[in-house]
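Asker: Under this note's numbering, the sequence shown has 109 at position 109, and the numbering climbs by one with no breaks.
We put the CB at the ideal spot given by N, CA and C, even for glycine.
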Amino acid sequence: KDREQGKQNRADIAEMIQRTPALSKRLDVKKTYIRHRTRGGEVKIFSKDSNNKDGGRPSLIITEEWHAHPTNKVHGVAVSSKGKKQQCLELIITTAGTDAENKPCYQDDLQYKQVLEGAIQQDDVFVMIREIDDDDSPHDKSCWPKAAPFFRNLDKEYSRALYEEVESQYVDAYSHGNPDKIREFLIKRMDRWQAD
1 KDREQGKQNR ADIAEMIQRT PALSKRLDVK KTYIRHRTRG GEVKIFSKDS NNKDGGRPSL
61 IITEEWHAHP TNKVHGVAVS SKGKKQQCLE LIITTAGTDA ENKPCYQDDL QYKQVLEGAI
121 QQDDVFVMIR EIDDDDSPHD KSCWPKAAPF FRNLDKEYSR ALYEEVESQY VDAYSHGNPD
181 KIREFLIKRM DRWQAD
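In structure tokens:
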């Protein structure tokens with residue numbers, strides 16, 4: 001699954017490039033690589049199955065679905081190479097997950113909440129965490145925009161369609177009392193960590 005997700009990410013990037021004239025004239029998209037035609041920079045997708053992750057000089061590191069990483073192994077190698085290039089940008093995109101105590105993502109979640117609260121001073125980090133509050137009920141739909149801010153503007157077609165999908169998932173999970181679906185709803189839609 002990990003390698004397949006990497007392939008899907010690469011395919012999505014390639015499609016965005018091909019649909020954007022300004023990018024497609026600058027980037028060479030082949031089956032085995034995506035590379036800038038004149039500067040030589042490349043897009044590389046790493047998964048836990050990738051053999052050699054060392055030696056890079058990244059300009060941008062994107063870690064997707066950080067909650068699913070059981071260790072810091074892949075992410076740590078990428079981050080340790082940040083110092084090789086000035087102004088390297090790192091993005092982490094994730095929802096909440098399970099098995100919180102054993103995941104590096106959860107430890108980051110705790111740390112970055114302290115940054116937001118001002119308990120830790122870390123001026124080189126921008127943190128945005130979207131989740132319902134600890135004392136919020138997932139049954140109170142007025143709280144849902146905390147986890148999905150675009151729900152504040154439901155007159156937009158995309159927002160309305162997604163809201164209806166989330167509402168359907170909510171009904172499906174809670175009307176049947178299905179613990180697996182409830183847990184998935186809380187993780188993916190309310191961004192609340194759950195026990196494994």
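Where does the unbroken alpha helix (DSSP H) through Val171 begin, and where does it stop?
Answerer: Glu157 to Ser175
Asker: Straight-line CA distance for Arg35 to Ala96?
Answerer: 33 Å
Asker: Tell me which residues share the same chain as Thr94 and place their Cβ nearer than 7 Å to its Cβ, disregarding the 5 neighbours each side in the sequence.
Answerer: Glu65, Trp66, His67 and Cys105
Asker: Please classify Ile120 as buried or exposed, where buried requires at least 16 other C-beta atoms within 10 Å of its C-beta.
Answerer: exposed
Asker: Between which residues of its own chain and Asp99 is the CB-CB distance below 7 Å, once the five residues before and five after are set aside?
Answerer: Here the set comprises Asp196.
Asker: Under a three-way DSSP split, which group does Glu4 fall into?
Answerer: helix
Asker: With C-beta atoms as the reference, is Asp191 less than 8 Å away from Glu131?
Answerer: yes
Asker: Assign Arg26 to one of three DSSP states: helix, strand, or coil.
Answerer: coil
Asker: For Val79, which three-state DSSP category applies?
Answerer: helix
Asker: Please report how far the alpha carbon of Lys82 lies from the alpha carbon of Gln111, in whole angstroms.
Answerer: Rounded to whole angstroms, Lys82 to Gln111 spans 20 Å at the Cα level.
Asker: Taking Ser59 and Gly41 to be in contact with their CB atoms under 8 Å, please state how far apart those CB atoms are, rounded to whole angstroms.
Answerer: The C-beta distance from Ser59 to Gly41 rounds to 7 Å, short enough to fall under 8 Å.
Asker: Just to confirm, is the Cβ distance from Gln169 to Phe151 under 8 Å?
Answerer: no
Asker: Give every residue of the same chain whose Cβ lies closer than 7 Å to the Cβ of Ala14, excluding the five residues on either side of it in the sequence, and list them in chain order.
Answerer: Val29 and Ile34
Asker: For Gln86, which three-state DSSP category applies?
Answerer: Three-state DSSP puts Gln86 in coil, outside helix and strand.
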